[in-house]
Structures are given as structure tokens and as C-alpha cells.
Amino acid sequence: MPDVSREVVEHVSMLARLALSSEEINRLQHEMGRILEHADKLQAVNTDDIPGISHVIPMTNVYREDQVGPSLTPEEVVANAPESADEFFKVPRTVEE
Amino acid sequence: MKSVPARVSATQGTAKTTAQAGAGAGLSNGNSHGGNTVKLHELTAYELGERLASGEVSAVEVTEAHFARIDEVEGKVDAFLALTRDEALEQARQVDDLRSGAEKLGPLAGVPIGIKDVLCTRGVPTTCGSKMLEGFRPPYDATTVRRCRDAGMPMVGKTNMDEFAMGSSTENSAYKVTRNPWDLDRVPGGSSGGSAACVAAGEAPIALGSDTGGSIRQPASLCGLTGLKPTYGRVSRYGLIAYASSLDQPGPLTRDVRDCALVMNVLAGRDQRDATSADVPVPDYVAGLTGDVSGLSAGVPKELMGEGIDPQVKATIEAAIAELEGLGMSVEEVEMPNVDYSLPVYYLIATAEAASNLARFDGVRYGHRTEEPVEDVYDLFAKSRGEGFGPEVRLRIMLGTFGLSAGYYEAYYGKAQKVRTLIKRDFDAAFERHDVLLSPTSPTVAFGIGEKADDPLQMKLADICTIPVNLAGIPALNVPCGMVDAMPVGLQIMGRPFGEDTIMRVGDAYQQATDWHTKRAEL
Numbered sequence: 603m604p605d606v607s608r609e610v611v612e613h614v615s616m617l618a619r620l621a622l623s624s625e626e627i628n629r630l631q632h633e634m635g636r637i638l639e640h641a642d643k644l645q646a647v648n649t650d651d652i653p654g655i656s657h658v659i660p661m662t663n664v665y666r667e668d669q670v671g672p673s674l675t676p677e678e679v680v681a682n683a684p685e686s687a688d689e690f691f692k693v694p695r696t697v698e699e
Numbered sequence: 013m014k015s016v017p018a019r020v021s022a023t024q025g026t027a028k029t030t031a032q033a034g035a036g037a038g039l040s041n042g043n044s045h046g047g048n049t050v051k052l053h054e055l056t057a058y059e060l061g062e063r064l065a066s067g068e069v070s071a072v073e074v075t076e077a078h079f080a081r082i083d084e085v086e087g088k089v090d091a092f093l094a095l096t097r098d099e100a101l102e103q104a105r106q107v108d109d110l111r112s113g114a115e116k117l118g119p120l121a122g123v124p125i126g127i128k129d130v131l132c133t134r135g136v137p138t139t140c141g142s143k144m145l146e147g148f149r150p151p152y153d154a155t156t157v158r159r160c161r162d163a164g165m166p167m168v169g170k171t172n173m174d175e176f177a178m179g180s181s182t183e184n185s186a187y188k189v190t191r192n193p194w195d196l197d198r199v200p201g202g203s204s205g206g207s208a209a210c211v212a213a214g215e216a217p218i219a220l221g222s223d224t225g226g227s228i229r230q231p232a233s234l235c236g237l238t239g240l241k242p243t244y245g246r247v248s249r250y251g252l253i254a255y256a257s258s259l260d261q262p263g264p265l266t267r268d269v270r271d272c273a274l275v276m277n278v279l280a281g282r283d284q285r286d287a288t289s290a291d292v293p294v295p296d297y298v299a300g301l302t303g304d305v306s307g308l309s310a311g312v313p314k315e316l317m318g319e320g321i322d323p324q325v326k327a328t329i330e331a332a333i334a335e336l337e338g339l340g341m342s343v344e345e346v347e348m349p350n351v352d353y354s355l356p357v358y359y360l361i362a363t364a365e366a367a368s369n370l371a372r373f374d375g376v377r378y379g380h381r382t383e384e385p386v387e388d389v390y391d392l393f394a395k396s397r398g399e400g401f402g403p404e405v406r407l408r409i410m411l412g413t414f415g416l417s418a419g420y421y422e423a424y425y426g427k428a429q430k431v432r433t434l435i436k437r438d439f440d441a442a443f444e445r446h447d448v449l450l451s452p453t454s455p456t457v458a459f460g461i462g463e464k465a466d467d468p469l470q471m472k473l474a475d476i477c478t479i480p481v482n483l484a485g486i487p488a489l490n491v492p493c494g495m496v497d498a499m500p501v502g503l504q505i506m507g508r509p510f511g512e513d514t515i516m517r518v519g520d521a522y523q524q525a526t527d528w529h530t531k532r533a534e535l
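One line per chain: the protein sequences are A and B, in this order. Mapping of the first sequence onto my numbering: residues 603 to 699, in sequence order. Mapping of the second sequence onto my numbering: residues 13 to 535, in sequence order.
This is the structure:
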């Protein structure tokens, strides 16, 4: 069973950009541990020379010519934003003065 | 079975069948009729389509009858997150106008539909069962929704679901608990539990769902409905809010296979807006329902009939298989040893894809934004996401991120992709010898509300028979095949890629020989 330490959970929550309470970290440590323990069953399967698949139906890249067509207006694009100004999404300052 | 009207092909679909010609006589005055006349909300989509085409009843009357039913039972069932009465009646009026102008309409024009809240609907709130998307109004329709609108189907509302389609009981919805119309103390299944409940309750004759690990078939099974997960790529995913992109497929929940075929005639086919939608010809699925299954070969995977299947469910499935044998199919047990690994493979792949897909919810372009003070933009992302996502979604994002992270990727996500190859090969081998595979859809009948809610691992066992299908990308159909504890049991019929016509032919032949699909929940 992988060691799902508190540090691992905190590190993964940073990677996932997910703020967690201290209680939540405890819960996730427990539940992730249980599920990963179950997933460890897979280590017993011999997969030497077996390619992994990300997609089950054979497909190739799909190309088409660029076409000019109707698209959303700037107002429609920002209509669902929690905060916007004119045609822009508003976020906290990301660059120091 | 006697109550099924004579079969008509799609091209003759507007002609009234003789077997039920009398039943519609009392319908022209809408929903107020007593005696032995059939109520509009009890009819199948096909039967409604016939009556609409003949002018016995108008689309407005059909839509009003379903809203009257909603007014009557929705308080008990809680299938919907939003109702769209005005829009539905407006669309129904348009259908009636077109029809009076002698316009040639499709067989589902004027037939109401419920839409799972995972599908984007232009201007109509789409929450995906999450507080993260509370108040979100998409600026466009999902392709499936667009196709239903173009087919003249009034949308009655958006149906409840497990948050971001993650769950098997609809208890993970951030908004409400939906109840199984067969027993209000039990779950309807999930994640398309609202879609299943609304059809089983007569609030709509058909509904759309989505299926990543069983989310159409399992609620269809638990609510006594027909439900189809199409082949990966058969139906466009454009506008389907993504959970796990290599597994997700939208599809119909209906009262019988013929309705399912009618809806698939609307949904299936290539879409420019989804590059993974397949450029494979679409047959007329209704015309494919010949009723003849003699000579077809069925395999029964040993791994899906063993441990974990309730003995009474197993006996019910065995009886259904014997019924199909009696219709001329040959049946043989098959071994698919790698199918036993489906559940862990699914956790690792689905959560990894979910972690990537749900990265888009950042509190900037749409969705929930924290009101707490933030230090910088990363803090804004993290706090907004921590608040907006519910506990099951947080768990899956964390698992997926873990499985993709440096140091763990090869052992978890990479390993799962390889075992997925082995599972797919087991299916390929089985389909070299068999036309269809048969199993239970759900290992048990519907469980009690709250019974498994606190145990995520136990909950996931509800999907042991359905998950392998998504991993292999193949189509599978649920048909009701019996009752245990007065609750419906469902048979899963799996097919080759793009073999929807074959599995629906088998399911339809079964329904012509039996009457489980005609049983209705009493509310």
C-alpha cells in the first residue's frame, strides 16, 4: 500500500489547486489510502510488452480548413464570469508593480 | 406479449397501428379522461408520436399533460433541478403550427424530453449538480440537445444528477436527493438518477443521460427502464460537461427499446464539433428491430455472474438468458479474466481524466468564485475550487492528480492504461465468437437512501458490471427483466463497437416476448 502521508495529500492539493481544511486532509488521507490499496491489485498483472491505450476506438487526427463563421460576442463570452469589466475577465493582480 | 402494437418500420411510423387504434379515442381532449383510456403520461414516445402524427392530440396537449403529471408527483420524486415549462410549451406550439402547415415532421416531434443537467442548454441553467456551476447559463446547446430541439422535442427540464456525474445514487448532487419512483425510500441509481426517475414517474416519456462507468444503464436498471450507452464516438460529446473524456458517452433512457431506437436515430452521427465523434454510417435503428434473433450467439462472462451478484438478481438474469435461448439464440459461458481488474483501472483512469478536465473550473471565466480575501490568483483558484466542489469531486480530483503526479504516474495511471488494453483484448476475443454478451447491469436492486452514502468503495461496487463496457468503448443496453423485492432488475446486453443495432434487436425481441418493460411504478 502506498504511503499516503499528510505531506503527500498537501502536495497533491497544491498541484490540484484545491484548498483543503485540516479535517478534509485527514478524510482524504484515509479515503485515498483505501482506494489506492484496492488499486494495488493491478501490480500483480503482467503487462510486459503491453502498450497502454488512452483511446479505444481507432482514430487519427481530424483536419479541416479554417472557416470564417459566427461566434460568440464578447458580451456573451464574459456573461458568466463572476467578475468582469467591459470585455475582460477580472482577476487579482498577478504582476508586481 | 399482447400489449405491443404491430411493428411498423420507421418510414411507416406515422401510420396508426391497428392494435391500439382504439386506445387513443379518448385522448383528443388532453389529459382529462377516465375509465379505461390510457393517460398521455403513461404512453411511450412512439405511441405519443403516432397520436401526434394522426392529429388525435396536439404537442401542446401532450406537453401540458406531462407538466400536469410533474405538478402531481415531482414533490415526491425530486427528479428535476430546473423546469422549463414556458420554453417547452413554446416549442410545442411551434410543432403544432408546423404540423398544421402540412410540414412533414419526424416521429418524435412534439414528444417531451428530460435533459440531464450535465448537458449544456442555451440560456437555461446548467449546474452539473454542482454549486460550482450554480447560476451558469451556457451560451450554446450541446449537440445532443440541439438535435432534440431540431427534432421538435420540447425540453421539460434539467434532471438531477450526482455532482459532475460522479456517483451511482444521485445522492452526491449538491442540490437535492432524488427518489426512486418504485420505492421513495430507495435511490434511483446514478449518476443519471434524475433522468431515470423522471421517466419512471411519467414526468417525461424519455430523457437523456450520460454514461462514464454505468451512469445511464445502472439507473435505468434500478428504475425499470431501457437505457443505452452507445459506442464511444457514436454520439457527439460537444456540450457534455466532461468527466472522463475517453469514457463519457451521452445516450437515452426510455420505456422500451423501440423508443431507444427512435432517440438514437436523432442522436447518432458525426459532429464537426467533436473530433472524437465517429465518421461511421448510422443505420435506421428502428428498421433494425426485426424481432428475429435466431442464430445469434451470446456469451455470458463468468466474471460478471460470480461474487458480488445478489443470488436473486443472478437467478433473474439466468431466467432472462433462458428466455433469449428460447427465441433461438445460442448461449455459452465465456472467460474474460482481465475484466476482474476493471474497477481499479476505472478509478485510476477516470479520476486522472477528471482531474485534468475539472482544472477549467477556476472561478475566473464562469462558476463559483470565493468571497474570502485572496493573496494572489493561485489562492483565488484554490479557494474557489475548495468551496465550489463537493466532497466526492474533491476526492476524485485528488486521486487523479496523485495518479498523474511525478513518481506515481507509471505505477498508477500508466499501469491502468496497460491493463485497460488487456480488458479490451478480452472483449475483442469474446466478440470474435459471439454477437452479444449478457450480464446483470447492477449486482443488486436499488439500495436504500443513505445506505451506502458514507462508503465510497462500497458505492463503486454498484458499477462492477457496467464499468468494463466503458473501458472497452463498446455499446451496452439495459432492459428490465424481472423483479426482486418488488424492485426492477435489469439485463445488460453488450455489443461490438457500433453494434447498437444488434443489441437493440436483441433487447426488442426480448421485450416482444416479455412484459417487464410495461410495468409502471405506482406513485
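Even for Gly, the Cβ is constructed at its ideal location relative to N, Cα and C.
Under the three-state reduction of DSSP, B:A219 is assigned to strand. When secondary structure is reduced to three states using DSSP, B:I321 falls in the coil class, being assigned neither helix nor strand. Judged by their CB atoms, B:V275 and B:I329 are not nearer to each other than the 7 Å cut-off. The contact set of B:T413 on chain A, defined by CB atoms closer than 7 Å, consists of V614, L617, A618 in chain order. For secondary structure counted as the alpha helix (DSSP H) over 4 or more consecutive residues, the stretch 381 to 416 of chain B holds these complete runs in sequence order: 389 to 400, 403 to 416.
Cβ-Cβ separation between B:S180 and B:D466: approximately 14 Å, too far for a contact (criterion under 8 Å).
If the five residues before and after B:S203 are omitted, its C-beta is found closer than 6 Å to the C-beta atoms of M173, D174, A177, G179, S227, all from its own chain and listed in chain order. A straight-line Cα-Cα distance of about 10 Å links A:L644 and B:K430. Contact annotation: in the stretch 643 to 654 of chain A, residues whose CB is within less than 8 Å of a CB in chain B are K643, L644, Q645, V647, T649, I652, P653, G654. Here B:N350 is buried: its Cβ has 16 or more other Cβ atoms, across all protein chains shown, within 10 Å. Residue pairing of B:G502 in beta bridges, as defined by DSSP: B:P492.
The Cβ atoms of B:G412 and B:A371 lie no closer than 7 Å to each other.
According to DSSP, B:N192 shares a beta bridge with B:D195. Contact between B:V89 and B:T190 holds: their C-beta atoms lie close to 7 Å from each other, under 8 Å.
Between the stretch 616 to 624 of chain A and the stretch 394 to 404 of chain B there are three or more C-beta pairs closer than 8 Å, enough to call the two in contact.
For B:Y421, the closest Cβ of chain A is not nearer than 7 Å. Chain order gives the chain A residues near B:F148 as N682, where near means a beta carbon separation below 8 Å. Straight through space, the alpha carbons of B:V389 and A:E698 are spaced by roughly 12 Å. When 7 Å is used as the limit between beta carbons, A:S607 is near no residue of chain B, the shortest such separation being about 12 Å.
Scanning chain B for C-beta atoms nearer than 7 Å to the C-beta of A:H657 yields S258, reported in chain order. In summary, B:R432 is buried, with 16 or more beta-carbon neighbours lying within 10 Å of its beta-carbon over all protein chains present. With respect to the 7 Å criterion, B:A121 and B:V130 are not classified as neighbours on the basis of their beta carbons.
Within chain A, not a single residue places a beta-carbon under 8 Å from that of B:V211; the smallest gap is close to 29 Å.
The C-beta of B:G340 has fewer than 16 other C-beta atoms within 10 Å across all chains shown, which makes the residue exposed.
Under the three-state reduction of DSSP, B:K314 is assigned to helix. C-alpha of B:R63 to C-alpha of B:C160: approximately 19 Å in a straight line. Straight-line spacing of the CA atoms in B:A254 and B:Q261 works out to 10 Å.
Short of 8 Å from the beta carbon of B:E404, and not among the five residues preceding or following it, lie these beta carbons of its own chain, in chain order: D174, E175, M178, G179, N184, P468. The C-beta of B:D174 comes no closer than 7 Å to any C-beta of chain A. Per DSSP, B:G169 lies in no alpha helix (DSSP H) segment; the continuous beta strand (DSSP E) that holds it begins and ends at 167 to 171.
When beta bridges are read from the DSSP output, B:A280 appears opposite B:V247.
Residue state for B:L274 is assigned as helix, using DSSP reduced to three classes. Contact check for B:P492 against B:P500 passes: the beta carbons are separated by less than 7 Å. Among the residues of chain A, those whose CB is under 9 Å from the CB of B:T288 are H657, I659, M661, V664, following chain order. Chain-order list of chain B residues neighbouring A:E678: P151, by C-beta distance under 7 Å.
DSSP places B:A94 in the strand class (E or B) of the three-state scheme.
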